[in-house]
Amino acid sequence: FEVLFGEGIMNDSFSIVLYQIITRFYNIFTSMQMITYFIFLFFSSCILGILVGFICSIFLKYMKIFKLQRFQEISIIIIFAFISYTTAEILDLSAIISLLFCSISLSNYAFYNLSFPAREESCIVAKLLSSMAEAFVFTYLGLSFFTMAQSNYSLAFVLVEFFAITFARYSTVYILTGLTNMFSDSPFTVGEKQLISIAGCIRGAIAFGLAMSFETGDMIKDSILLSTTLILVFVTTMIFGAWTPIVSKKLYDKKSKS
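The opening residue of the sequence shown carries number 66 in the working numbering; numbering runs sequentially from there.
Listed below in structure tokens is the structure:
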């Protein structure tokens, strides 16, 4: 599940960065220039997030002498995460990647500089905020599905995109895990490959958000693109979302028996 979560977050981050680069520099940069800029953008955002996380860790370490309250410690964690996000936006870097690596450094270093009650409550606050955000996103997508019921759509385009997503996902997972197994002491099993492939086929709010911000200049094409994305979000969530717990249960039942 850690692999699924990390891979899903990185997928969303890369999707946002690639989308921003292509839409902004498609007619300005060459392909090699865009690749170079992507590498620069990724590592710059990564370094910024890690740096902010380290600063927060040091800050909390030396602020212990003031005997901060639990809510103050949690507030400091949230504020530094917000600083990472806004600083990346100001510097025209990738805010989502900066926030991702800032959260990784916060969880590995700053978390252990909190008091024991603050550690427990910070986990509760994070889960509360994530649950509220997830509920809001899926509620918004559900309402959008009914408001866009009369929009233009193409069944052929939906089917082509669905099979393209599925084929690309399975081929990529099996190729990469095959390469990983060549150098790993704990190789991925066939069941784990299937689980990663199925779970990764689920499209979510990031895809819909990028589709909303994309404009071709043709209202019909924009409508078809948006409705197709929304349909794929619902279809993949219902189909692959239903398969994921079934495959994971069979996989871990088999492991526990062995």
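All residues carry an ideal CB built from backbone N, CA and C; glycine is no exception. Predicted, not measured: the structure shown is a model, and the values here were computed from it.
Closest residue to residue i among the options (Cα-Cα distance)
i, options, result
"Ile289", "Tyr174, Leu164 and Leu220", "Leu220"
"Ser122", "Gln98, Phe147, Phe176 and Ala307", "Phe176"
"Cys18", "Ile144, Phe232 and Ala160", "Beyond the ends of the chain as shown, which are 66 and 323, falls residue 18; an answer cannot be given."
"Ile325", "Ser292, Glu257, Tyr102 and Leu113", "The first residue shown for the chain is 66 and the last is 323, placing residue 325 beyond what the model contains."
"Leu165", "Ser78, Phe279 and Gly282", "Ser78"
"Leu208", "Ile120, Phe103, Tyr84 and Ser292", "Ser292"
"Asn173", "Lys132, Glu199, Ile120 and Thr231", "Ile120"
"Phe147", "Met128, Lys129, Leu171 and Phe131", "Leu171"
"Thr302", "Ile87, Thr231, Asp283 and Ile81", "Thr231"
"Phe222", "Lys286, Met97 and Ala191", "Lys286"
"Ala115", "Tyr150, Phe211 and Phe248", "Per the sequence shown, residue 115 should be read as Ile rather than Ala. When only C-alpha atoms are compared, the closest one is Tyr150."
"Ile311", "Asp283, Arg89 and Gly256", "Gly256"
With 16 other Cβ atoms within 10 Å as the buried cut-off, status of residue i
i, result
"Thr237", "exposed"
"Val117", "buried"
"Gln259", "buried"
"Glu154", "exposed"
"Ile276", "Sequence check: residue 276 is Ala here, not Ile. Buried: at least 16 other Cβ atoms inside 10 Å."
"Ser140", "exposed"
"Ala183", "buried"
"Ala233", "exposed"
"Asn178", "buried"
"Thr309", "buried"
"Ala264", "buried"
"Leu193", "exposed"
"Ser163", "buried"
"Thr242", "buried"
"Gly262", "One detail in the question is off: residue 262 reads as Ser in this sequence, not Gly. Buried."
"Leu156", "exposed"
Where residue i falls: helix, strand or coil (DSSP)
i, result
"Cys392", "Lying before the first or after the last residue shown, residue 392 is absent from the chain, which here runs from 66 to 323."
"Asn92", "coil"
"Asn217", "coil"
"Thr101", "helix"
"Gly282", "coil"
Residue range of the alpha helix (DSSP H) that includes residue i
i, result
"Ile271", "Ala270 to Ser278"
"Asn178", "Taken as a continuous stretch (DSSP letters only), Asn178 belongs to no alpha helix (DSSP H), as it is neither H nor E."
"Val267", "Inspection of the sequence shows that residue 267 is occupied by Ile rather than by Val. Note, Ile267: premise wrong, no alpha helix (DSSP H); not H, not E."
"Thr151", "Arg135 to Ile155"
"Phe253", "Taken as a continuous stretch (DSSP letters only), Phe253 belongs to no alpha helix (DSSP H), as it is neither H nor E."
"Leu158", "Run containing Leu158: none; DSSP gives neither H nor E here."
"Phe131", "Element bounds for Phe131: n/a, residue is neither H nor E."
"Leu246", "Reading off the sequence shown, one finds Asn at residue 246, where the question assumed Leu. From DSSP, the alpha helix (DSSP H) with Asn246 extends over Leu220 to Phe248."
Residue i beta carbon near the ligand MG (any heavy atom closer than 7 Å)
i, result
"Thr152", "Because no ligand of any kind appears in the structure shown, any question about the ligand MG cannot be addressed here."
Next item on the list: Inspect the CB distances between the stretch 266-275 and the stretch 297-310 and report whether three or more fall short of 8 Å.
Entry: yes
Next item on the list: Spell out a yes or no on whether the stretch 178-195 and the stretch 128-148 are touching, meaning 3 or more CB-CB pairs, one atom from each, closer than 8 Å.
Entry: yes
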